[in-house]
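Note that our numbering numbers the sequence shown so that position 238 is 244, with each residue one more than the last. Think of the CB as a built atom: it goes at the ideal place given N, C-alpha and C, for glycine as much as any other residue. First comes the structure, then the notes that go with it.
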Amino acid sequence: MTRRVLRPGLLLFTLALAAQDFSEIKFDYLAKDIGFAEGPAWSRKGYLVFSDTSGDRLMKWVPGTPVAPLRPAAGPSGNAFDQEGRLYTCETRARRVIRTDEKGAVEVLADKWEGKRLNAPNDIVVSKSGHVYFTDPAFGSQADHRELDFYGVYHLPPKGVLKLVAKAAGRPNGVALSPNGRVLYVVNSDERNVRAYDLDKNGDASNERVLIDKIPSVPGGIRSDTTGNLYVAGKSIYVYGADGKPVHALELHHPASNCAFGEGDGETLFITSGSEVFRARFGAKGAY
Numbered sequence: 007m008t009r010r011v012l013r014p015g016l017l018l019f020t021l022a023l024a025a026q027d028f029s030e031i032k033f034d035y036l037a038k039d040i041g042f043a044e045g046p047a048w049s050r051k052g053y054l055v056f057s058d059t060s061g062d063r064l065m066k067w068v069p070g071t072p073v074a075p076l077r078p079a080a081g082p083s084g085n086a087f088d089q090e091g092r093l094y095t096c097e098t099r100a101r102r103v104i105r106t107d108e109k110g111a112v113e114v115l116a117d118k119w120e121g122k123r124l125n126a127p128n129d130i131v132v133s134k135s136g137h138v139y140f141t142d143p144a145f146g147s148q149a150d151h152r153e154l155d156f157y158g159v160y161h162l163p164p165k166g167v168l169k170l171v172a173k174a175a176g177r178p179n180g181v182a183l184s185p186n187g188r189v190l191y192v193v194n195s196d197e198r199n200v201r202a203y204d205l206d207k208n209g210d211a212s213n214e215r216v217l218i219d220k221i222p223s224v225p226g227g228i229r230s231d232t233t234g235n236l237y238v239a240g241k242s243i244y245v246y247g248a249d250g251k252p253v254h255a256l257e258l259h260h261p262a263s264n265c266a267f268g269e270g271d272g273e274t275l276f277i278t279s280g281s282e283v284f285r286a287r288f289g290a291k292g293a294y
């Protein structure tokens, strides 16, 4: 049985390694009392951005300083940076995907599909070549305002119009890319699985398949490391190999909404969990 010890100012968890002894990982709090923390994303310029979804604001953390508000946003959820340092945000309440440049100018990238408003964009990833992928479920009261009769996964090329990757039966949530950018991963919260899609040179998806099935709790966000392992946020952080087989699980005291790698060497794992945000040195390097 995995044990957990709490110390003042520090969270100490244990990582259950398959067929190995337990090893300890220390987590430091970055923020408490956030309305609902989501969408961590690390900027190459050396800071973390995450969403306070219920507080309608984006937050920023620079190492060595307290967490502070970055700017207002309409129910922000997932965030991602591109190679140019621009910030992409899913705004669930405004039902759109926006991009913010380094001067603070905001551009709406997607808010409709075939003339109907999106449901509530949730999570997002940007490839190294600038292809954008995002999920569009509808949780809770969001479902009361739907104009579309399906939950979507979308692809926005660097140049071109919005494309539909999949109409999901259950609600898609987290989204990530493989280290080489050739596989798209999409979490389905209702089905408790992760689907994979092959991506061609144009960023278009094909060969849909279930890669991970029967996730032990309702999954949210997902990230990949440079070895191809996948980190799925849920009641624990579930780690799977690139083949979809479970590797280990990091138990938490509250379910996680999302996670992301960052800091200088990319080996710090940031986790959003309810009203809290914390980090750990994880011994793995994030792919994106």
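- If only complete runs of 3 or more residues are kept, the region 148-182 shows the beta strand (DSSP E) at 157-162, 169-174, in order along the chain.
- The three-state secondary structure of Gly84, taken from DSSP, is strand.
- In this structure Arg229 is not in contact with Asp204, their Cβ atoms being roughly 19 angstroms apart against a cut-off of 8 angstroms.
- Under the three-state reduction of DSSP, Gly247 is assigned to coil, being neither helix nor strand.
- In the three-state reduction of the DSSP assignment, Gly234 falls in the coil class, being assigned neither a helical nor a strand state.
- Shortest Cα-Cα distance from Ala286 to any of Glu269, Ala293, Leu64 involves Glu269.
- Gly268 sits in a strand when the DSSP states are folded into three classes.
- If you draw a straight line from the Cα of Leu256 to the Cα of Phe284, it is about 14 angstroms long.
- The alpha carbon of Tyr294 has as its nearest neighbour, out of Ala202, Ser184, Phe276, Trp67, the alpha carbon of Ser184.
- Annotation: the continuous beta strand (DSSP E) that includes Leu205 extends over 199-205.
- For the pair Val114 and Ala86, the CB atoms are not nearer than the 7 angstroms cut-off.
- Fewer than three Cβ pairs drawn from the region 99-106 and the region 172-184 lie within less than 8 angstroms of each other, which leaves the two stretches out of contact.
- By the neighbour-count definition (other C-beta atoms within 10 Å, threshold 16), Asn208 is an exposed residue.
- Of all C-beta pairs linking the region 208-228 to the region 238-245, three or more are shorter than 8 angstroms, placing the two stretches in contact.
- Closest option to Tyr139, judged by alpha-carbon separation, among Val112, Lys32, Thr95: Thr95.
- Straight-line spacing of the CA atoms in Phe288 and Glu120 works out to 43 angstroms.
- The three-state secondary structure of Gly292, taken from DSSP, is strand.
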